[in-house]
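Residue -18 is where the sequence shown starts when you use our numbering, and the numbers rise one by one after that.
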Amino acid sequence: MNKVSKQPSSKKVLKRKGLLRRFLGVLLSPLLLKLGIVLSLLLAVYLVYLDATITSGFDNKQWQLPARVYARPLELYEGLMISASEFEQELKDLGYQRSGSSRSGSYTRQGNHFVISTRGHSFWDGVELPVRAKVSFSGQALSQLRRLDNRALALLRLEPMEIGAIYPQHKEDRIMVAINQVPPMLVATLLAVEDHRFYQHHGVSPVSIARAAVENLKSGSIVQGGSTITQQLVKNYYLTLERSLRRKINEAAMALLLELHYDKQQILEAYINEVYLAQSGGRAIHGFGLASQHYFNKPLNELSIDQMALLIAVIRGPNYYNPWRHPERALARRNRILDLLVKQELLALTDLDWVKSQPLNLGKPSQSHYAFPAYMDVVKRQLRQVYSQEDLTSTGLKVYTSFDPRVQRIAEQSVSSGLNQLTNKKLEVAVIVTHPKTAEVLALIGGKQFRYSGFNRALDANRSVGSTIKPFVYLTALAQPDNFSLTSLIDDSEITIQDKENLWSPRNYDRQDHGEVPLITALAKSYNQATVRLGQQLGVEAVVNTLQQSGFERTINPVPSLFIGTTQMSPWELTGLFQTIASGGYHAPLKAIRAVLDKNNQPLKRFQFELQSGLEPKSTALVTRGLVHVGEQGSARLAKRSLPRGFRFAGKTGTSGEWRDSWFAGFSGDMLAVVWLGHDDNSPTQLTGASGALPIWTSLFKAASREALAESKLSGIDFHWVDLKTGRPAISLCPTAIELPFITGSEPTGEKNCSL
């Protein structure tokens, strides 16, 4: 029997229709319609606002790129004075890896023979292309430089080491990379871990959120994230760190809008340069370009798969997965990512065990490349004479300097060794090293704590210079060849001078009188009494004028005590004075910067060698010979015993009153250095220039200087044999005979005899 379906009663049908009509009536009431329209308009306005924020922010995004500062590039050529071990240290400083690989940034070594694969670099005067070369050494010199195919290579310039940067206040740092400069494997690993459906979604991916949740549950830890790369970029670009539903809604909406306006490659490139990956002291490391240097001391294109995986690993938490502080934690996450690469067929299963067996392979922390604060202080001061603070901290300038890592390293070693041999632990130090012909600053130490910024004694410590001022008194005399020569006799007896209301009686260091002595002896032995008598004869104003011609710019108090160095100068100022002597009388301001390029490697400014007229060259040559005698028989003779046989140098010791300051200023053919030791509170050190500063200077020049000082051969200067005791003409066989230069016509006359 067929069942008849029960039809709803007409009353129920009418009731339902009535409810529907009432609901539609309410819904379509004028009030709600207006409210809906208002809400829709507000939503539209808000979306327009978000859209404008997205496009304006992305189109106008300009990261604040700090100015990067580079050392001098090492220029290789046959005959260059450098040992195999020094060369290898240069390679290590640049992050070259010793391996059998032929990739850029690698080298092999067999004894004194190297094969190197350079990286190339854009310099201010052209581009140095990458090259594979054979480099061989014999003793302390580069003996052979060839391309790998044995073709001759006249000159090879390595890329320079980065020694610092000038940051904006927030100290956010990055090295910009274009998407086509990023290794494809790094991009693939990034997408596998952070956004597997990057090329399928439109900014937000529900599938990725679900997939990440499953993977994280399986692994028992957070291996993958649910936010897309676009969402992460939006969060970093536009939003705060606030955790709220409102922020998540904004993030999703803005991600959709971002993908509406920009293609995937633009978004990916922005993310690669924006993502936060490490903290180095007060410096935030952003982007994979700089992170590669920070963690591995090499550029992105030289990373291995395991190193790429580690970079991706730290995205999740740069502090939590810091490989220096938490190596086991970082290694475990890196290996989980390598497992994921196998699952996604980005890494062969047969390679997995070997890749996972690799250690973290970290380089030195990148802050070690920012370990020269005293030198950077010079660079910043000179740059600020030309560029604004905004230019220096945000436009990505590239600054090339004369900083020599080898000389700096030796200077630091010499200071450490020298201070360790002294029992006085309060001593502070300053060292400035320049090239005597170019006035370029090669190295600089502002205090015994080399790695800490603070008071820069090399630039700002004003101290009495002691006897280092004396060469300028003797220069003043030798500029008068009709009256003075190196053999002119100077009275070294006691002297008393009326100085305003006071009597001043300077004495020699040994408290002895030496009678009449040749001018060169008075300088070499640093006799105070003879120097003051000579200064009085010349006049204080004449000596002040010599100092000003030598480059000293501040006002000098014209008092007789100036002759023996009571005036105060900084090590920087004293270096400038000796630079004028070392350059043959021509003054050139000390400079640390060679050239500045913009972020696109276009030259902006060359800091040219500025030669200015200074001292008369012939009298400068004579005083230089007198300073050579300081090392032969004078107050710096201890240095001559330690330096290589026949190594010729010129210099002067200095000790201020009550042994408060210990100085030595001296130069060879390729280096000039001023060394100062003292206490910050200006209390006595009990050190002379010979016992404090001189040993440090000697150690520095013994290891770093490659060129002895040559004898000056100026036209208008003749050489004659004289008796050092009497200053009279002598034959070369006399026991106290010495060959000295004389301005033509100023040489001593008379019969050649030997003194008794």
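Idealized CB from N, CA, C, for every residue including glycine.
Minimum C-alpha distance to residue i - residue among the options
i: S103; options: L312, T548, A576; result: A576
i: L137; options: E688, L55, D130; result: L55
i: L328; options: L400, E371, P165, K451; result: P165
i: S736; options: I318, E728, K706; result: K706
i: L172; options: S208, E143, G145; result: S208
i: H660; options: V96, L139, N405; result: N405
i: R641; options: K586, V446, D441; result: V446
i: A569; options: E534, I97, S261; result: E534
i: Q614; options: F630, A311, T601, L110; result: F630
i: A65; options: Q45, K115, G76; result: K115
i: W553; options: A52, A420, R387, N582; result: A420
Host alpha helix (DSSP H) of residue i (start-end)
i: N483; result: Segment 483 to 485 is the beta strand (DSSP E) holding N483; no alpha helix (DSSP H) there.
i: S124; result: Per DSSP, S124 belongs to no alpha helix (DSSP H); it is in the beta strand (DSSP E), 122 to 128.
i: Q518; result: 509 to 519
i: V611; result: 598 to 614
i: I391; result: 386 to 401
The beta strand (DSSP E) enclosing residue i, as first and last residue numbers
i: W738; result: This structure gives no information on residue 738, because the portion of the chain shown stretches from -18 to 737.
i: A265; result: 264 to 267
i: Q288; result: Where Q288 is concerned, there is no enclosing beta strand (DSSP E), although the alpha helix (DSSP H) it sits in stretches over 286 to 294.
i: E109; result: 107 to 109
i: L470; result: 470 to 472
i: L578; result: 574 to 578
i: L425; result: 422 to 426
i: G101; result: That residue, G101, is in no beta strand (DSSP E); it is neither H nor E in DSSP.
i: S117; result: 113 to 119
i: T415; result: 409 to 415
i: Q560; result: Q560 -> not in any beta strand (DSSP E); alpha helix (DSSP H) instead, spanning 552 to 563.
i: F645; result: 642 to 648
i: W335; result: Per DSSP, W335 belongs to no beta strand (DSSP E); it is in the alpha helix (DSSP H), 330 to 337.
C-alpha gap between residue i and residue j, whole angstroms
i: G101; j: Y567; result: 37 Å
i: G344; j: D385; result: 22 Å
i: G86; j: E283; result: 7 Å
i: K694; j: R626; result: 22 Å
i: S347; j: P299; result: Its pLDDT being 49, under 50, S347 is placed unreliably in this model, and the value from its coordinates should be taken loosely. If I take the Cα positions, the gap works out to 15 Å.
i: E326; j: E67; result: 45 Å
i: E59; j: T99; result: 17 Å
i: L291; j: V410; result: 42 Å
i: Y433; j: G635; result: 28 Å
i: Q510; j: V540; result: 15 Å
i: G565; j: K418; result: 9 Å
i: G647; j: E140; result: 31 Å
i: S186; j: D176; result: 9 Å
i: T170; j: D651; result: 51 Å
i: N217; j: W105; result: 35 Å
i: E232; j: T374; result: 30 Å
i: A718; j: T502; result: 13 Å
i: E591; j: L571; result: 9 Å
i: Q517; j: L658; result: 30 Å
i: R438; j: K599; result: 34 Å
Residue j beta carbon less than 8 Å from that of residue i
i: A389; j: A424; result: Reading off the sequence shown, one finds Gln at residue 389, where the question assumed Ala. Yes; because the gap between Cβ atoms is below 8 Å, this pair is in contact.
i: L378; j: A48; result: yes
i: T548; j: K451; result: no
i: D699; j: E728; result: yes
i: V611; j: L515; result: no
i: V422; j: A573; result: yes
i: K429; j: L400; result: yes
i: S643; j: L603; result: no
i: A563; j: L653; result: yes
i: L281; j: R155; result: no
i: G697; j: T725; result: yes
i: V96; j: L129; result: yes
i: F559; j: V655; result: yes
i: S672; j: L596; result: no
i: Y252; j: L214; result: yes
i: D287; j: R310; result: no
i: F682; j: L624; result: yes
i: I426; j: V412; result: yes
i: S551; j: L403; result: no
i: K152; j: T376; result: no
*On the three-pair Cβ rule with 8 Å, is the segment 459 to 468 touching the segment 602 to 620?*
yes
*Is the segment 233 to 251 in contact with the segment 210 to 219, if contact means three or more CB pairs nearer than 8 Å?*
yes
*Would you call the segment 352 to 370 and the segment 292 to 311 touching, i.e. three or more CB-CB distances under 8 Å?*
no
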